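Working notes, structure below.
There are 2 protein chains.
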Amino acid sequence: MTSQVAPVSLAVLQHRVRPELDRVSDELARIVRSDFPLIGDANAHLLQMRGKLFRPTLLLLAAQAVDRLDHRKVTLAATVELIHVATLVHDDSVDHSALRRGQPTINARFSHQIAVIMGDYLYSHAIIELVRLGDLDPLRVMSRVTNEMTVGEMRELDAHDVLDYPEESYDALIMAKTASLMSGACEVGAHDGDQGDRDALRRYGLHLGMAFQITDDLLDYTETESVTGKPTGLDLREHKITLPLILALPQMSPEERATVERLMSDLRPPDSLINTVIATVEARGGIAAARARAAEFAARAHVELQALPAGVAREALADCITYSIERRS
Amino acid sequence: MTSQVAPVSLAVLQHRVRPELDRVSDELARIVRSDFPLIGDANAHLLQMRGKLFRPTLLLLAAQAVDRLDHRKVTLAATVELIHVATLVHDDSVDHSALRRGQPTINARFSHQIAVIMGDYLYSHAIIELVRLGDLDPLRVMSRVTNEMTVGEMRELDAHDVLDYPEESYDALIMAKTASLMSGACEVGAHDGDQGDRDALRRYGLHLGMAFQITDDLLDYTETESVTGKPTGLDLREHKITLPLILALPQMSPEERATVERLMSDLRPPDSLINTVIATVEARGGIAAARARAAEFAARAHVELQALPAGVAREALADCITYSIERRS
């Protein structure tokens, strides 16, 4: 079920929960609505950016897999997306990113100030909505996950010492930054199913999230700007150390390592230097090795699904794994 | 009970809840603890800044006033302070402030990135802790209040058109930014008391908060750097429109208003211009009128206290009002 399979389109795997996903978009608009013009403008900008709703999809499919897909899951799915968007807004502000999904970020379109406040606005609305649902359980999961994501962000700020950045630190970083929310989405989706199914879906989401983020980091090494909507090599340009580089480094010659160090100590590394390091990472097997790690996590996610009742939702969750490691953007 | 009364010291009015306040500090340290070094460093910096714990004091006194001061109130008081600190950390980052309580802010001591992430870290820990207490009611109050504070922040960013900034907008701003959290602290403190007491304390906190913030804004016009720990006229320097200016403007001559406009359109207004406007605001009665507004809100807060059982806690809450409008820093 890994790289030998044809790419799965998100639209196809979302087909099973399409009506619910449309309602998630409506719920999102309802939850964030504000009469205050500045917030209304920022909301409008965020809503027209239209994310892929991958985390709500996971939540709804997890609910469907345990036969508990009710209207409350639609609202829960909207709060998960809201937490995701709040994180992206702060992330982009922290990273000074100008583009997201090919569109200006809140910090670029408005200001850093507005990005900081909007992130808080969106996150507090997610909490208000979870409280309104009247159940402490999803709140417990989502507040823990949000906190883990902030720790992941801190780990990311700290990930700059290229010759001393072990794979375990990378795993801890992407677990906190990405896998925790996907895991939380699956857990919350299954939260009034059996404890066994719920645990399986939590672990499924964790492995899926690891595979998803490794693939994301690979795209920075393999895809051109027209596909990702962002320049290839952006992570290297920003001195972010990701798995392909970590796995290639031990195979590099002293000269090649010196080149990597030169890039990392250059505040504005030239394109030629970035392209050289990308080529070296590929030549030293970093890309293939990172793909293999993503496939390992994907395989573990598949194992977790075996515990669930067979059916269309379980199949769609399996497709989510394939999508996570085969996607091109 | 207003300006004719001798200043009340915070230490004296905190005397009634001193043991609980000491435990609030311990709880704060416990809740934010992290093994990740960068977060540990930021925590250590924040904890040694030692706020005045005014909001926890209000919460504990409210609990004492309705005879429900138990150990859970200590944890609730810590979460209220945590939400306050999280807001200050983001606030300082948004405002690019370098000093807070005479010490470097997180954005100054570490970076803007770390300030954004730390604020999220602290806020999500407050939610985790509220969830752990297992009661949706304080969560409902605190998530609403946090959201109101973000709207207040947005209002503040928008408060720059000096000739078209009505007092109602200022009231809405300080209600959201300051009074909402003080009101929430009082409401949560009283939350397992009678509904009537709880409502009275919520309204008490709201009026107290309004008086508190008007007084804060007055200090910017009246106190010198050595007392507030920040330069006098900072709000004017940053083009923040507060009540003394709003109330003085209608009494100003066209020349005086032109001077105010000149300050507001000057990206780096010189000290002389700031001093001129401060003098004009005082001469046109803006400071006296703002003091009168603070006294009005203080009086309304006193009225709410009359509904509560008489006793030392109610007296201490009355002292909190006096402190709010008499303080010099």
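Keeping their order, the protein sequence lines are chains A and B. Going by this note's numbering, the first sequence opens with residue 702, and the numbers climb by one from there. Going by this note's numbering, the second sequence opens with residue 702, and the numbers climb by one from there. All C-beta atoms in this analysis are idealised placements derived from N, C-alpha and C, irrespective of residue type, glycine included. Note that the structure is a prediction, hence the values are computed from the model and not measured.
Check: DSSP state of Q804 of chain A mapped onto helix, strand, coil; Outcome: strand
Check: E653 of chain A in three-state terms, based on DSSP; Outcome: No information on residue 653 of chain A is available, as it lies outside the stretch 702 to 1030 that chain A covers here.
Check: Enclosing alpha helix (DSSP H) for H1003 of chain B [first to last residue]; Outcome: G987 to L1006
Check: Status (buried if at least 16 other CB within 10 Å, exposed otherwise) for G741 of chain A; Outcome: exposed
Check: For L754 of chain B, the three-state DSSP class (helix, strand or coil); Outcome: coil
Check: Residue nearest to P757 of chain A in terms of C-alpha spacing, selected from A:L950, A:C1021, A:I979 and A:M965; Outcome: A:C1021
Check: Delimiting residues of the alpha helix (DSSP H) encompassing E847 of chain A; Outcome: The amino acid occupying residue 847 of chain A in the given sequence is Thr; Glu does not appear at that position. Run containing T847 of chain A: L837 to L858, per the alpha helix (DSSP H) assignment.
Check: Nearest-angstrom Cβ-Cβ length linking H1003 of chain B and A1019 of chain B, presumed shorter than 8 Å; Outcome: 6 Å
Check: Test: S825 of chain A CB closer than 7 Å to a CB of chain B; Outcome: yes
Check: Close-in-space but distant-in-sequence residues of the same chain around G752 of chain A (CB under 6 Å, 5 per side omitted); Outcome: none
Check: Three CB pairs or more closer than 8 Å across the region 846-854 of chain B and the region 822-835 of chain A; Outcome: yes
Check: Rounded separation between A991 of chain B and E1027 of chain B - CA only; Outcome: 13 Å
Check: Short CB-CB distance (under 7 Å) between M855 of chain B and chain A; Outcome: yes
Check: Sufficient close CB pairs (3 or more, under 8 Å) joining the region 763-770 of chain A to the region 893-902 of chain A; Outcome: yes
Check: Collapsed DSSP secondary structure at K878 of chain A in the structure displayed; Outcome: helix
Check: Within chain A, partners of V852 of chain B - CB distance below 8 Å; Outcome: S735, F737, I740 and Y822
Check: Contact list for S794 of chain B against chain A, beta-carbon separation under 8 Å; Outcome: V817
Check: Beta-carbon spacing of V790 of chain A, G820 of chain A below 7 Å; Outcome: yes
Check: Any 3 or more C-beta pairs closer than 8 Å across the region 957-972 of chain A and the region 857-864 of chain A; Outcome: yes
Check: CB contact flag (C887 of chain B, L711 of chain B, <7 Å); Outcome: no
Check: Close beta carbons around R801 of chain B, own chain, < 8 Å, minus the five adjacent residues each side; Outcome: M750, L789 and D793
Check: Closer than 7 Å to chain B by CB, M702 of chain A; Outcome: Any reading at M702 of chain A must be qualified, since the residue scores a pLDDT of 41, below 50, and its modelled position is unreliable; the value itself is stated next. So, not an interface residue.
Check: Reduced DSSP category for K931 of chain A - H, G, I as helix; E, B as strand; rest coil; Outcome: Residue placement at K931 of chain A cannot be trusted, given a pLDDT of 49 that sits under 50; the coordinates are not used to answer.
Check: Partners in chain B for I828 of chain A, counting only beta-carbon separations shorter than 7 Å; Outcome: I828 and S844
Check: Per-residue contacts from N848 of chain B into chain D (C-beta, under 7 Å); Outcome: Of the protein chains in the structure, A and B, none is chain D.
Check: Range of the contiguous alpha helix (DSSP H) that encloses K941 of chain B; Outcome: Looking at the DSSP string, K941 of chain B is not in any alpha helix (DSSP H), and its letter there is neither H nor E.
Check: Chain-ordered chain A contacts of R719 of chain B [CB-CB under 9 Å]; Outcome: Here the premise fails: no neighbours, minimum Cβ distance about 31 Å.
Check: For F737 of chain A, the three-state DSSP class (helix, strand or coil); Outcome: coil
Check: Within 7 Å of chain B by C-beta, residues of the region 786-813 of chain A in sequence order; Outcome: H791, S794 and V795
Check: is_contact[K931 of chain A, chain B] using C-beta, thresh 7 Å; Outcome: With a pLDDT of 49 at K931 of chain A, under the threshold of 50, the modelled position of that residue is not reliable, and no figure is offered here.
Check: Per-residue burial, N744 of chain A [other beta carbons within 10 Å of its own, 16 or more giving buried]; Outcome: buried
Check: Beta-carbon spacing of E857 of chain B, L882 of chain B below 7 Å; Outcome: no
Check: Assigned secondary structure, V767 of chain A (DSSP; H/G/I helix, E/B strand, else coil); Outcome: coil
Check: Element boundaries [alpha helix (DSSP H), containing V790 of chain B]; Outcome: H772 to D796
Check: Distance CB(I818 of chain A)-CB(M876 of chain B) smaller than 7 Å; Outcome: no
Check: Residues near L946 of chain A in its chain [Cβ-Cβ closer than 8 Å; skip 5 each side]; Outcome: V863, L937, V961, V978, V982 and G987
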